[in-house]
Structure formats: structure tokens, C-alpha cells
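Novice:
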Amino acid sequence: MKKETTNTNGSVETTRRRGIPRRDFFKIIGGGIIIFFRPWGVLDILGTPAEQRRSLPTDYNAFLQIAEDGTVKCFTGKIEMGQGIITSLAQEMADALNVPLENVKMIMGDTDLCPWDAGTWGSLTTRAFGPHMLAAAAEARGVLLGLASAKMGVPVSQLEVKDGVIIDTKNNKNSVSYSQLTKGKRIEKFLDVKPLPEDYTKFTYIGKSYNHADAVVKVTGQAKYTGDLKLPGMLFARILRPPSHGAKMTSVDYSEAEKVAGTKVIRDGDMIAVLNENHDLADMALAKIKAEYSFNEMPVNNQNMYKWYVKSNTRSEVVRSDGDMEAGQKLSDKVFESEFHDPYLAHSPIETHTALAHLEGDKMTVWASTQSPFGLQDTLVRELGFALDKVRVITPFVGGGFGGKSPAQQGVEAAKLAKLTGKPVMVVWSRDEEFFFDTFHPAGVIKIKSGIDKDGFIKLWDYNIYSSGTRGSETTYEVPNAKTTHHSTDRNEPSVHPFATGAWRAPNNNTNTFAREVQIDIMASAAGIDPLEFRLKNLKDVHIIDCLKAVADKFGYVAGKTPSGRGIGVACGADAGAWVAHMAEVSVDKNTGKVKVIRIACAQDMGLCVNPEGAIIQIEGCLTMGLGYTFSEEIFFEGGNIKDRGFDSYEIPKFSWLPKIDTVILDRMNQPPQGGGEPAIIAVGAVIANAIFDATGARLYTMPFTPARVLEALKKV
Amino acid sequence: MEKTISFELNGKKTDALIDPGETLLWALRNHFGLTGTKFGCGMGFCGSCTVLIDNEPVRSCQLSVGEVAGKKVVTIEGLSNDGKLHPVQKAFVEHDALQCGYCTPGMIMNATGLLIKNPSPTEQEIKDGMEDNYCRCGAHKRIIEAVQTASKEMKGGK
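Here is the structure:
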């Protein structure tokens with residue numbers, strides 16, 4: 001294949017990805033009909049933030065294969081981490097090819113077999129990958145119909161497909177199955193067309209609920225996650241970690257570690273690792289290493305952090321602007337100024353970052369719990385000097401990601417150690433390491449100045465983001481004079497964060513929706529207007545309006561001015577192409593500051609919903625996980641020293657927190673599918689804050705709403 | 001260091017030549033190949049390593065293999081019978097009571113232990129009994145429903 005040039009985003013990048021040699025590829029996957037694809041509409045398939053965008057693949061990779069036994073194998077660089085795409089993508093494929101659902105087999109996250117993919121994040125699988133997969137399926141169906149037409153001697157227009165069998169509509173007895181057509185053949189088709197919008201209404205499987213396809217293997221313990229793999233001679237590695245992110249090692253003594261039976265100590269630059277076939281002995285050896293450090297910590301901690309972000313983020317960029325602020329101020333009868341705070345959060349998947357690496361000859365294979373197998377492959381090429389076709393990353397089941405497993409440092413560590421020892425090496429991060437190396441949800445400050453006129457219409461909206469990001473910062477409401485400013489640092493300036501930060505389920509939208517929806521509530525209350533009515537009055541977006549109406553209906557909402565003493569809150573927003581509205585009821589113990597969520601309801605417009613039950617599960621998961629950032633989750637730190645290193649101090653949602661949950665998915669089968677893994681988490685903090693206000697008149701501006709913060713807020717009532 | 005430890009593992013009498021001080025979790029996973037029992041925190045907080053010891057749900061990361069000598073250990077792999085799912089497993093499938101599935105074996109073992117002790121728990125008793133098993137995906141609602149369904153089916157089977 002010759003070198004190709006792809007023009008993206010105004011800049012010319014020249015690159016070529018080389019997958020494994022073709023003969024190896026066919027050796028692994030066998031014959032049948034194979035549809036290859038070349039990425040098109042590059043930016044829409046990527047959907048990645050600019051800083052993560054990189055050179056693009058220009059070669060072909062398989063998308064789907066109809067094997068000789070009629071099995072349909074669907075290849076995707078996406079991975080399964082609980083979001084359920086192993087089920088919903090199979091549903092889409094079954095429909096597009098007219099085959100029984102059980103005939104579809106998903107092959108996921110294997111860099112040697114699957115088409116290149118930027119990573120599993122942003123709730124992009126269904127909305128961005130899905131249409132491309134369906135186009136490949138349509139192509140395959142076309143090939144099969146062509147073959148059938150020749151074999152059966154009837155025109156394609158006279159054929160129909162049912163359960164993988166092509167039938168002559170004028171003579172039922174004249175039929176041929178996909179497997180009969182593919183037997184002994186290897187037909188390769190290269191797809192270069194842009195997918196057309198599908199008519200989803202004609203499908204059999206899409207739009208119906210199916211249980212998780214991986215449920216049985218997961219309830220029996222048969223499902224393999226990375227840590228469950230074992231290779232002969234495999235060593236467990238534990239790596240010496242600094243006590244804080246600002247620490248630098250000044251001396252180390254690992255002589256005692258070397259005395260632990262069967263232990264190998266590896267030093268490679270800054271990395272010191274102990275390896276042992278026995279996990280306990282590797283732990284023991286690690287504990288025997290004595291190291292000293294010097295410290296240079298950033299002067300930021302939980303006490304001064306919010307002032308620090310406002311002060312340190314000196315680069316201001318106006319993200320959007322309508323009208324002008326002075327005019328807005330003049331039109332406003334009442335003006336409100338608020339400052340909202342959101343701390344660092346850990347991802348805390350129950351499976352820690354894990355990787356197994358094995359070097360065979362000159363080929364490195366890394367099995368890793370990662371949301372980005374191709375990203376890890378690139379990192380291995382860059383950091384270890386392997387050629388691209390000499391690194392294969394395979395992603396077994398992933399035990400939760402939430403954005404935290406897009407970086408896969410553990411994969412590099414395992415590969416490095418496998419290369420140095422010549423043995424298969426397993427790296428299983430401890431819970432302590434998982435907290436320490438997490439790419440935390442960034443803490444941030446939102447300042448809002450807003451105003452309403454005498455009739456309760458919003459006339460002014462001056463929205464300022466410090467340190468966190470802009471996702472979900474749209475004004476949402478109809479405001480003639482609105483401005484959003486993002487205060488950050490230049491790329492070449494040092495980060496304001498003393499440790500790594502990254503994407504955390506619906507990145508930054510939780511922060512922005514919290515701030516916006518509480519501010520809206522403040523104005524509604526001051527205007528003496530019911531908070532639902534106030535929103536409806538100031539909204540034009542029909543999607544959100546429909547969600548609000550649907551959730552009010554489900555919740556049995558009775559209008560009232562706040563604070564009513566009832567403890568009912570409203571909030572809404574948009575994320576990943578979908579729209580949500582929440583309502584919640586809480587009770588507040590004014591003596592202890594403890595809040596109990598009695599019930600929470602969510603209505604979601606996500607366009608076409610492939611697997612309704614699967615989507616509801618994602619909503620329930622979002623609402624439950626959202627209670628964590630609302631009530632307890634907050635990383636304590638002093639500079640680069642992260643104090644929360646386990647579930648003893650970092651509390652995630654538990655069974656006793658569970659409210660009654662009601663969900664509505666709006667029927668939008670004729671609309672393109674949107675994201676479903678994240679939207680419902682964005683408004684949890686806001687809806688609870690507003691419900692607490694309705695119960696008590698106390699306003700909370702800093703998440704999470706710990707009993708101490710609730711008591712503090714109650715004092716101001 | 002190594003000693004023969006005798007105990008019953010998933011219904012089979014087992015004599016294992018092993019360091020009795022080895023953590024039960026890692027012994028199960030590495031020595032016996034029973035990787036359904038998961039490492040989550042190694043500190044006894046999350047419950048993903050839960051197994052049954054003499055019908056009691058126990059965190060295998062907090063125990064050494066020597067401590068199970070003479071006892072009956074059941075892991076997730078030993079719960080189904082001749083390929084037939086245990087009622088708790090079946091209920092987890094029916095209710096879609098899992099997402100990433102990583103905490104699931106621990107959840108199922110804990111729920112099974114709970115139902116052995118209290119065959120007809122109230123919703124509150126299920127919440128109390130499951131409280132210290134952590135799920136990050138937020139499958140809690142369905143897990144409670146699955147335990148309720150399993151409770152009904154198990155009592156019905158008597």
C-alpha cells in the first residue's frame with residue numbers, strides 16, 4: 001500500500017498504519033465474506049477533543065465477516081466495560097443482515113483484527129460507530145444477494161432475506177442460506193462509501209429489549225478480565241511508587257527485597273519493580289524496599305483550591321457570546337451572583353488497571369483493561385520502540401472505566417517488564433495505585449452573574465468557568481445577553497492541577513449542569529415562580545421541554561413555589577447528543593445535616609434507542625453513580641500528596657443510599673441514535689441541591705453535600 | 001514453607017501443597033485457577049473477592065489459605081450445578097443485575113450467603129446485607145430485585 005495523505009482540520013498529516021500482514025490476518029479469521037473499511041468522515045468518527053486528535057489510519061481493516069458456518073463476526077475497536085454495546089451492536093448487526101441475533105459474535109478491542117478506533121468514550125459507540133457498522137452490513141448483504149441471484153437465477157429485486165436465508169419471493173422453495181453462499185469462498189469487499197441514514201423502523205431487533213449478551217459468563221465467573229489470564233512462567237510485578245506526585249527519589253535500597261524467595265528486582269531508569277510468580281511474595285518484596293525522597297509540591301490543597309483556580313487560570317477565552325452584558329444588566333430587574341465549587345473525583349472502577357504482557361520472538365502482545373486499545377498500541381510504539389505491526393493489544397472484558405481507563409500506563413509498565421525479563425508479566429494495580437495514578441475529574445469553579453426582568457424572563461447570563469472544562473456549559477435557556485468564558489492556562493504553561501486530570505463520566509458536564517441548574521433555581525425562587533414553570537418559560541429547546549414534561553408526568557409533579565418544605569427538586573440538561581430532565585424528592589435531617597433521597601426520576605430523549613432495557617440500566621447506573629459525586633466523593637490532597645487511597649476514606653454509593661428510581665425514555669424511533677452512557681449523570685447534583693433548597697431553604701454551592709456542608713448552609717437560612 | 005492443606009473446595013475434597021500463609025484470594029486465583037473470585041481492593045472493603053466458607057460470606061483477601069483447613073469453601077465457579085445456574089445467578093441474568101460484571105461474583109456469593117441465613121429477607125434486610133459490597137456501575141437497584149426474585153425461587157424449591 002502506498003503512502004497516503006489525509007487532510008484533516010486544515011492541516012496535512014501524512015501517515016500510514018500498518019496492521020498485521022494480510023496472510024496472518026486471514027490465518028486468524030478464516031474465509032467467508034469479509035467487508036473491509038476505510039475510515040471516512042474522519043472527524044465525526046473520532047469525536048475526540050483536539051488535544052487527543054492524532055494522525056489517522058489510512059489502511060483497511062475488517063469490519064465484519066460472514067464465516068463459512070454462517071456466523072457473523074462483527075469487529076469493533078470499541079470495548080465492553082459494562083455499557084452493554086456487546087448486546088446492542090449485535091442487535092444492530094442482526095437487523096442489518098437479517099440474521100438471528102444468536103448468530104452474531106462480537107470481536108472487540110483487538111488491534112490486530114479490529115478496525116482502528118479512537119477509544120470507547122463520549123457515549124459515541126451507538127451514534128458514531130453504529131452507522132458505519134450498518135453501512136458495512138448493508139454492503140455485505142448486497143454481496144450476498146448478488147451471489148444468491150446468480151446461483152438461484154432470479155433477479156435481486158425478487159429476493160428477500162429471513163434469518164440468514166435468502167428466499168425467492170415467487171417460489172418459496174427456491175432458497176439459499178448465507179452459509180451455503182460463503183462456503184469455501186473468500187470474498188473481500190472494500191467499503192468506501194459514507195453511510196446513509198437508516199430507516200430504523202423496519203428492523204426486528206433494534207428497539208427491543210435484550211438481556212446483556214455477556215450476563216451468563218459474568219454470573220458464573222467464566223468471563224475473562226485481564227487479571228484472569230495466566231501464561232506459563234508468568235510473573236506478578238509490583239512497582240515502587242513515590243509517596244506523592246511532587247516527590248523525587250533521592251536514594252533507594254532494595255537489597256532486602258531481593259532476599260524474598262523467587263524475587264527478581266528490575267531497575268530501569270526511574271522504575272523499580274519486584275517480580276515474583278506469587279502475588280503475595282511480590283507484595284512482600286515491595287514492602288521491603290527502602291527509598292527516600294525530596295519533595296516539591298504545588299502549594300494547593302483542599303483549603304485553598306478554589307481561590308487557587310480563579311487566580312491561576314489567567315488565559316480567558318470567550319466560548320460564546322450573544323448580545324451584551326451591559327444591556328442585559330439594564331434589562332434585569334434582579335441580578336444574582338453565585339460561585340459554585342466542584343472537587344476532584346476518582347473513577348474508582350472495581351477492577352483496577354491491569355495488564356499482561358508477553359514478548360514472543362519480536363512480537364509484543366499486551367492484554368489490558370483499557371478503553372483505548374489502539375491508544376495503548378501507539379504508546380507502546382512510541383515508548384518502547386516497537387514497530388506498529390509488532391504490537392498487538394487485546395482487550396478482554398473491562399471491569400468499569402468511566403473515563404479512567406482511557407490512559408493505560410499499566411500496559412506500558414507490563415510491556416517494559418516483559419521485555420526486560422523475557423517472561424510474561426502481569427501488572428495489577430493495587431487500590432492505592434489506582435487512586436494515586438487516577439486521572440481525576442478536574443476540580444473547578446463556576447461563577448455566574450445572571451438577571452431576570454419583572455416577568456421572570458432571563459435577560460442576563462454571564463458564565464465563567466475556571467479550571468474545569470466547557471462540556472455542558474451551553475446557556476441552554478433563551479437569554480438575549482449571554483456570554484460564556486473559559487478561564488484556563490496555555491498549553492505550554494504548567495497545569496494548575498498537582499496531579500493528572502482527565503475525563504470522568506460526562507466530563508465537566510456534571511460541574512456545569514450543577515452550576516447552571518442551581519442558578520436557574522435561585523432565580524425561579526426569587527421570581528416567585530414554580531421552578532418547572534420558570535424553566536419552561538425560559539426554554540425554547542423542544543427536546544428539553546419534552547423531557548421536563550415527561551419527567552413531571554412520571555414523578556406526579558405538583559407545582560409550587562420554592563422553598564415549599566416538600567423537598568422536591570428539578571433540573572435538566574443535555575449531553576452526548578441526548579437530553580435529560582430529572583426530578584427528585586429528599587428529606588433533610590436538620591440536626592445532623594444528613595440528606596436522604598427518597599425518589600428520583602429521569603426522562604431521557606436519546607433519539608432511537610437500540611436496546612431500551614439496556615438504556616434504562618445505563619440511566620439507573622448514572623443516577624446511582626451520580627449520588628456519589630453529590631454526597632460523598634471528594635479527593636483530599638495536599639499538593640501532589642493524595643490522601644484518599646482506598647474505599648476506607650473515599651466513599652462510593654452503597655445499597656442503603658438507593659432511592660426509588662423511575663425512568664422514561666422518550667419514543668424517538670425516527671430520530672438518529674444518541675449517547676446513552678453518560679447523559680443521566682449530569683443533573684444529579686443539581687436536582688438534589690434544588691430539592692435540599694426546597695426542603696429547607698438552604699443553598700449548597702459546593703459539591704459534595706456532606707452533612708457538614710448541609711449544616712453550614714442551614715445556618716445561613 | 002509449603003504444607004498440605006485439606007479442605008473442601010466447590011464440593012470436592014482438596015489436598016493442596018501450598019504455603020498456608022498465602023492469601024486465600026490469590027491462592028484461589030493462581031493455585032486453583034478459580035479466577036471468578038476477583039481482586040478489587042485487597043483490604044476487605046469492596047467485597048468483590050467474597051466466597052462462602054461454611055456457608056458464611058467471607059472476604060477471601062482477608063484470609064490465608066491455611067485458615068480454611070477442614071472447612072467448606074464455595075466460589076462462584078462452584079455455585080452452578082451441572083451447568084444449571086443457581087437461582088441467584090439466574091435472577092442476576094433475568095434482572096440484568098450487572099453491568100461491567102466485575103463485582104458480580106462477589107455480589108452473588110454475598111447474596112447467596114444472605115439467603116442461606118435469611119431465606120426471606122425484606123428489602124431493607126437485603127440492602128443491609130449487601131451494603132458493604134461495592135458496585136461502581138450502579139446496578140444496585142437490579143441487584144436488590146434479583147435477590148428478591150432468588151429468594152422467592154429458593155423458598156419455592158423447598
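Just so you know, the sequences run in chain order P and C. Just so we're aligned: 145 in the working numbering is position 145 of the first sequence, and the numbers increase by one with no gaps anywhere. Just so we're aligned: 11 in the working numbering is position 11 of the second sequence, and the numbers increase by one with no gaps anywhere. Don't be surprised by glycine CBs; every beta carbon is placed ideally from N, CA and C. Only a predicted model underlies this, so the values are computations on that prediction, with no experimental measurement involved.
#1: Show which residues of chain P have a CB atom less than 9 Å away from the CB atom of C/Gly36.
#2: On a CA-only basis, which of P/Leu711, P/Glu678, P/Phe636, P/Glu651 is nearest P/Met305? Give me that one, please.
#3: Let's test the definition: count the other Cβ atoms within 10 Å of the Cβ of C/Gln167 and tell me whether it reaches 16, buried, or not, exposed.
#4: The beta strand (DSSP E) that contains P/Ile239, what's its start and end?
#5: Give me, in chain order, the residues of the same chain whose beta-carbon lies closer than 7 Å to that of P/Gly456; leave out the 5 immediate sequence neighbours on both sides.
#6: With P/Ile79 as the anchor, note down where its beta strand (DSSP E) starts and where it stops.
#7: Using the Cα positions of P/Met523 and P/Met93, report the straight-line distance between them to the nearest angstrom.
#8: How long is the line joining the alpha carbons of C/Leu28 and P/Asn510, rounded to whole angstroms?
#9: Considering only the beta carbon of each residue, do P/His582 and P/Ala601 sit closer than 8 Å?
#10: Using a Cβ-Cβ cut-off of 8 Å, state whether P/Glu638 counts as contacting chain C.
#11: Using a cut-off of 7 Å between C-beta atoms, extract the partners of P/Phe647 located in chain C.
#12: Among all the DSSP beta bridges, which residues are the ones paired with C/Phe45?
#13: Return the CA-CA distance between P/Arg267 and P/Val274, expressed in angstroms with no decimal places.
#14: From the DSSP output, in three-state form, read off P/Val99 for me.
#15: Among the residues of its own chain, which have a CB less than 6 Å from the CB of P/Val717, if the five just before and after it don't count?
#16: Quick one: what does DSSP say P/Tyr295 is sitting in, helix, strand or coil?
#17: Short check: CB of P/Leu460 to CB of P/Gln329, under 8 Å?
#18: Anyone know if the C-beta pair for P/Thr485 and P/Pro442 falls short of 8 Å?
#19: Determine, for C/Gly66, whether the minimum Cβ-Cβ distance to residues of chain P falls below 8 Å.
#20: Kindly give me the distance between the Cβ atoms of P/Ser632 and P/Pro704, rounded to whole angstroms, as I take these residues to be in contact under 8 Å.
#21: Classify P/Asn304 as helix, strand or coil using the three-state DSSP reduction.
#22: When burial is assigned at 16 or more other CB atoms within 10 Å of the CB, is P/Ser294 buried or exposed?
#23: Under the DSSP definition of a beta bridge, which residues are partnered with C/Arg29?
#24: Does the distance from the C-beta atom of P/Gly676 to that of P/Gln618 stay below 8 Å?
#25: Please compile the residues from chain P whose C-beta is within a distance smaller than 7 Å of the C-beta of C/Ala16.
#26: Pairing CB atoms from the segment 608 to 625 of chain P with CB atoms from the segment 124 to 142 of chain C, are three or more of them under 8 Å?
#27: Nearest chain C C-beta to P/Pro704 closer than 8 Å, yes or no?
#28: Output the boundary residues of the alpha helix (DSSP H) element that contains P/Lys151.
#29: Determine, for P/His543, whether the minimum Cβ-Cβ distance to residues of chain C falls below 8 Å.
#30: Could you check how far apart the C-beta atoms of P/Asp694 and P/Ser564 are, in whole angstroms? I think they sit under 8 Å.
#31: For P/Ile167, is the classification buried or exposed, using 16 other Cβ atoms within 10 angstroms of its Cβ as the cut-off for buried?
#32: Considering only residues of the segment 537 to 585 of chain P, which uninterrupted beta strand (DSSP E) runs meet the minimum length of 3 residues and lie entirely inside it, listed in chain order?
#33: Taking P/Pro707 as part of the alpha helix (DSSP H), name the residues at either end of that continuous run.
#34: Quick check on the DSSP output: the alpha helix (DSSP H) that includes C/Pro87 runs from which residue to which?
#35: In chain C, what lies closer than 7 Å to P/Ser316 by C-beta?
#36: Starting from P/Gly685, trace the alpha helix (DSSP H) in both directions and tell me its first and last residue.
Specialist: In this structure, then:
#1: For the purposes of this step, residue 36 of chain C is identified with residue 36 of the second sequence, where counting begins at 1. Chain P residues near C/Gly36: Thr220, Gly221, Gln222, Ala223, Asp228.
#2: Locating residue 305 of chain P in the first sequence gives position 305, where the first residue counts as 1. Nearest in C-alpha terms to P/Met305, of all of P/Leu711, P/Glu678, P/Phe636, P/Glu651, is P/Phe636.
#3: Nothing can be reported for residue 167 of chain C, as the shown portion of chain C is limited to 1 through 158.
#4: What you label residue 239 of chain P is simply residue 239 of the first sequence in a count that begins at 1. Where P/Ile239 is concerned, the enclosing beta strand (DSSP E) starts and stops at 235 to 239.
#5: In the first sequence, counting from the first residue as 1, residue 456 of chain P sits at position 456. Around P/Gly456: Ala527, Ile529, Phe534, Lys537.
#6: Locating residue 79 of chain P in the first sequence gives position 79, where the first residue counts as 1. It is not in any beta strand (DSSP E) - P/Ile79 carries neither H nor E in the DSSP assignment.
#7: If you number the first sequence from 1, residue 523 of chain P lands on position 523. If you number the first sequence from 1, residue 93 of chain P lands on position 93. So the alpha carbons of these two residues sit roughly 48 Å apart.
#8: As a working mapping, residue 28 of chain C is identified with position 28 in the second sequence. As a working mapping, residue 510 of chain P is identified with position 510 in the first sequence. Rounded to the nearest angstrom, the two C-alpha atoms are 40 Å apart.
#9: Locating residue 582 of chain P in the first sequence gives position 582, where the first residue counts as 1. Locating residue 601 of chain P in the first sequence gives position 601, where the first residue counts as 1. Their beta carbons are under 8 Å apart, which means P/His582 touches P/Ala601 by this criterion.
#10: As a first step, residue 638 of chain P must be located in the first sequence, where it is residue number 638. P/Glu638 does not count as touching chain C.
#11: Here residue 647 of chain P is taken as the residue at index 647 of the first sequence, counted from 1. Within chain C, the residues near P/Phe647 are Cys41, Phe45, Cys46, Tyr134.
#12: Counting from one through the second sequence, the residue named residue 45 of chain C turns up at place 45. According to DSSP, which records beta bridges pairwise, C/Phe45 is partnered with nothing at all.
#13: Residue 267 of chain P sits at position 267 when you count from the first residue of the first sequence. Residue 274 of chain P sits at position 274 when you count from the first residue of the first sequence. Looking at the two C-alpha atoms, the distance is approximately 9 Å.
#14: Here residue 99 of chain P is taken as the residue at index 99 of the first sequence, counted from 1. DSSP places P/Val99 in coil when its eight states are reduced to three.
#15: Position 717 of the first sequence, counting from 1, holds the residue named residue 717 of chain P. Excluding the 5 residues flanking it on each side, P/Val717 has same chain C-beta neighbours closer than 6 Å at Gly697, Ala698, in chain order.
#16: The sequence position of residue 295 of chain P within the first sequence is 295, counting from 1. Note on identity: in this sequence residue 295 of chain P is Phe, with Tyr being the wrong assignment. Strand at P/Phe295.
#17: Within the first sequence, residue 460 of chain P is the residue found at index 460, counting from 1. Within the first sequence, residue 329 of chain P is the residue found at index 329, counting from 1. Against a cut-off of 8 Å, the Cβ pair of P/Gln329 and P/Leu460 comes out as a contact.
#18: Translated into the one-based positions of the first sequence, residue 485 of chain P becomes position 485. Translated into the one-based positions of the first sequence, residue 442 of chain P becomes position 442. No, they are not a contact pair.
#19: Here residue 66 of chain C refers to the residue found at position 66 of the second sequence. By the rule that beta-carbons nearer than 8 Å mark a contact, C/Gly66 does not touch chain P.
#20: Stepping through the first sequence from its first residue, residue 632 of chain P is reached at position 632. Stepping through the first sequence from its first residue, residue 704 of chain P is reached at position 704. A Cβ-Cβ distance of about 5 Å is found for the pair P/Ser632 and P/Pro704, placing them in contact under the 8 Å criterion.
#21: Translated into the one-based positions of the first sequence, residue 304 of chain P becomes position 304. In the structure shown, P/Asn304 falls within a coil segment according to DSSP collapsed to helix, strand and coil.
#22: Looking up residue 294 of chain P in the first sequence gives position 294. By the neighbour-count rule (16 or more Cβ atoms within 10 Å), P/Ser294 is not buried but exposed.
#23: Here residue 29 of chain C is taken as the residue at index 29 of the second sequence, counted from 1. Bridge pairing for C/Arg29: absent [DSSP].
#24: Counted from its first residue, the first sequence places residue 676 of chain P at position 676. Counted from its first residue, the first sequence places residue 618 of chain P at position 618. For the pair P/Gly676 and P/Gln618, the CB atoms are nearer than the 8 Å cut-off.
#25: To locate residue 16 of chain C, count along the second sequence from 1; it is residue 16. What C/Ala16 touches in chain P: nothing, since even the nearest Cβ is about 14 Å away.
#26: Three or more Cβ pairs closer than 8 Å define a contact, and the segment 608 to 625 of chain P meets that threshold against the segment 124 to 142 of chain C.
#27: Taking the first residue of the first sequence as 1, we reach residue 704 of chain P at position 704. Taking Cβ atoms only, chain C never reaches closer than 8 Å to P/Pro704, which makes this a no.
#28: Walking along the first sequence from the start, residue 151 of chain P turns up at place 151. Run containing P/Lys151: 130 to 152, per the alpha helix (DSSP H) assignment.
#29: On the first sequence, residue 543 of chain P is found 543 positions in, with the first residue counted as 1. P/His543 does not count as touching chain C.
#30: Translated into the one-based positions of the first sequence, residue 694 of chain P becomes position 694. Translated into the one-based positions of the first sequence, residue 564 of chain P becomes position 564. Contact flag correct, Cβ pair sits at about 6 Å.
#31: Counting from one through the first sequence, the residue named residue 167 of chain P turns up at place 167. Burial call: buried.
#32: Segments of the beta strand (DSSP E) lying fully in the segment 537 to 585 of chain P: 568 to 575.
#33: Here residue 707 of chain P is taken as the residue at index 707 of the first sequence, counted from 1. Following the DSSP letters along the chain, one finds P/Pro707 inside the alpha helix (DSSP H) bounded by residues 707 to 715.
#34: Taking the first residue of the second sequence as 1, we reach residue 87 of chain C at position 87. Start and end: 87 to 94.
#35: Sequence index remark: in the first sequence, residue 316 of chain P carries index 316 (1-based). Residues of chain C whose Cβ lies closer than 7 Å to the Cβ of P/Ser316 do not exist, since the nearest Cβ in that chain is about 36 Å away.
#36: Within the first sequence, numbered from 1, the residue matching residue 685 of chain P stands at position 685. Going by DSSP, P/Gly685 is part of the alpha helix (DSSP H) stretching over 684 to 696.
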